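Numbering follows this note's numbering, in which position 33 of the sequence shown is assigned residue number 34; successive positions increment by one, without gaps.
Beta carbons are placed, not taken as given, at the ideal position from N, Cα and C, and that holds for glycine.
Remember, predicted model here, so these are calculated numbers, not experimental data.
Everything on this sheet refers to the single structure shown next.
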Amino acid sequence: MNGSNNIELYNLSTNETITLGQVVIGTGVISNRQKVAYIDGDENQVSVVSSNGEILASVPAPENWVEIIDWPDSEHLIIGNMPYRSDGGWYPPSSTIILNIKNGQSIEMLPEYPDIYKYISGPPRMGNYSYSLTAYDPTLNRVIYPAGTSKIEYMVLWDVQKMQEITRFYNYYPYGEIAWNTDGTHFVISLPPYYETYSGETYRNVSDNLPYVGGNEIFLASQDGKSKRLTFWTTRKQTTIHSFSWSPNNQYVAFWLETGDEKPEWQLSILEITTGEITSYCIEDEGSLQIIWNSDSSSLISTISKDDSMNHESIFIDLQSNAAMIWSFENRMVVGWFEPNQ
Numbered sequence: 002m003n004g005s006n007n008i009e010l011y012n013l014s015t016n017e018t019i020t021l022g023q024v025v026i027g028t029g030v031i032s033n034r035q036k037v038a039y040i041d042g043d044e045n046q047v048s049v050v051s052s053n054g055e056i057l058a059s060v061p062a063p064e065n066w067v068e069i070i071d072w073p074d075s076e077h078l079i080i081g082n083m084p085y086r087s088d089g090g091w092y093p094p095s096s097t098i099i100l101n102i103k104n105g106q107s108i109e110m111l112p113e114y115p116d117i118y119k120y121i122s123g124p125p126r127m128g129n130y131s132y133s134l135t136a137y138d139p140t141l142n143r144v145i146y147p148a149g150t151s152k153i154e155y156m157v158l159w160d161v162q163k164m165q166e167i168t169r170f171y172n173y174y175p176y177g178e179i180a181w182n183t184d185g186t187h188f189v190i191s192l193p194p195y196y197e198t199y200s201g202e203t204y205r206n207v208s209d210n211l212p213y214v215g216g217n218e219i220f221l222a223s224q225d226g227k228s229k230r231l232t233f234w235t236t237r238k239q240t241t242i243h244s245f246s247w248s249p250n251n252q253y254v255a256f257w258l259e260t261g262d263e264k265p266e267w268q269l270s271i272l273e274i275t276t277g278e279i280t281s282y283c284i285e286d287e288g289s290l291q292i293i294w295n296s297d298s299s300s301l302i303s304t305i306s307k308d309d310s311m312n313h314e315s316i317f318i319d320l321q322s323n324a325a326m327i328w329s330f331e332n333r334m335v336v337g338w339f340e341p342n343q
């Protein structure tokens, strides 16, 4: 995607570029490695396109469909349906649209859950769910959402069918990252080890009583609410986690790790779920943008945002050789990965 939010298909072998439509925001495009789907802001439609630019499907899109949250299977997209403010902006929580891209039919899931966060001072920092605020699993049987009262803030794991809370995780506004794995059996979530209210009450996400400097850790949780702490950075330093991305085989989670307070350091990191082993690659510039895996979970790519400008570069990592390299696409952001010959 270029600086004008135009979607481009770039062939690494021939250096040829095919220009598609324009999206309103960067999260208005998604790829499942065989096709790309995007919300065309000029044509007001959801388009599904092949690697050679052929439109395979198109569905009319209301103007408040601006972001694609997930592509859970070959037939459906999960879309954020943004409510409008009086000044023309958006505010959370948006409803969630389940769109069948073959027949154009859609189902709207409303964010009507107990004590769900309401817009106060901007969208929370929840990755793909910063506007929808509702992180549905691929089967749509579970949802995680931010909630709270005047006294306490937390994240709820909710059973959609039974309409009841399974468990809650305590976290401070602006909350943290969430990502379900590909089959919806588990999710990762960034949380502090414990939460302390203004009145001095303490709520723990884990009972290990380790030292705590500040920030969040990575927790792995199942769809029935059982959770396990996977990382321990905050015993030594302030830590913020960005842009969770599960590998297709559910073996790894990649993420951007920001450590330190006054002069934070950035690392593109990969966590092996079974062993807990973490491999990190130090990055000189801020790199909190989307992380994209290839289909066999052997490599990934992410764009580095240099000094909050459009001077972007992309980092490519091969897990098999443990090699990292920088690619330059003339200040483009990588938003998808094609493997059309599979």
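Under 8 Å, do TYR173 and GLU202 count as touching if we go by C-beta distance?
As a position in the sequence shown, residue 173 is number 172, starting the count at 1. As a position in the sequence shown, residue 202 is number 201, starting the count at 1. Not in contact: TYR173 and GLU202 (Cβ atoms no closer than 8 Å).
List the DSSP bridge partners of VAL30.
For the purposes of this step, residue 30 is identified with residue 29 of the sequence shown, where counting begins at 1. VAL30 is bridged to TYR39.
Nearer than 7 Å: is that true of the beta carbon of ALA255 relative to any heavy atom of the ligand SAM?
Among the components modelled here there is no ligand, and therefore nothing to report on the ligand SAM.
Burial state of ARG143 (16 or more Cβ within 10 Å)
Reading the sequence shown from its first residue, position 142 is the one you call residue 143. The residue in question, ARG143, is buried, as its Cβ has 16 or more Cβ neighbours within 10 Å.
CA-CA distance, VAL214 and ILE70?
Residue numbering aside, residue 214 sits at position 213 when the sequence shown is read from its first letter. Residue numbering aside, residue 70 sits at position 69 when the sequence shown is read from its first letter. Cα-Cα distance, rounded: 33 Å.
Where the beta strand (DSSP E) through THR168 begins and ends:
Here residue 168 refers to the residue found at position 167 when the sequence shown is read from its first residue. 165-171 is the span of the beta strand (DSSP E), which, as asked, contains THR168.
Within its chain, find whatever has a CB closer than 7 Å to the CB of VAL207; leave out the 5 residues flanking it on each side and keep chain order.
For the purposes of this step, residue 207 is taken as residue 206 along the sequence shown, with counting starting at 1. For VAL207, where only same-chain residues beyond five positions count, the Cβ hits under 7 Å are PRO194 and ARG230.
Alpha-carbon spacing of TRP247 relative to GLN291, whole angstroms:
Looking up residue 247 in the sequence shown gives position 246. Looking up residue 291 in the sequence shown gives position 290. Going by the C-alpha atoms only, they are around 12 Å apart.
How about the region 183-191 and the region 215-228: do they share at least three Cβ pairs that are nearer than 8 Å?
yes
Where does TRP338 sit, in a helix, a strand or coil, going by DSSP?
Mapped onto the sequence shown, residue 338 falls at position 337. Of the three classes helix, strand and coil, the one that applies to TRP338 here is coil, per DSSP.
Leaving aside the five residues before and after TRP72 along the sequence, list all residues of the same chain whose C-beta is less than 7 Å from its C-beta, in chain order.
By one-based count along the sequence shown, residue 72 stands at place 71. Result list for TRP72: ILE31, ASN33, ALA38 and LEU78, in chain order.
Less than 8 Å between the CB atoms is what I'm expecting for PRO125 and SER133, so what's the real figure, rounded?
Here residue 125 refers to the residue found at position 124 of the sequence shown. Here residue 133 refers to the residue found at position 132 of the sequence shown. With a Cβ gap of about 11 Å, PRO125 and SER133 do not count as contacting.
Using only the alpha-carbon positions, how far apart do THR97 and MET164 sit?
Counting from 1 along the sequence shown, the entry for residue 97 is found at position 96. Counting from 1 along the sequence shown, the entry for residue 164 is found at position 163. Using only the alpha carbons, I get a separation of about 17 Å.
Integer Cβ distance of TYR146 from TRP159, believed to fall under 8 Å:
Position 145 of the sequence shown, counted from the first residue, corresponds to residue 146. Position 158 of the sequence shown, counted from the first residue, corresponds to residue 159. At roughly 7 Å, the Cβ-Cβ gap stays under 8 Å, so TYR146 and TRP159 are in contact.
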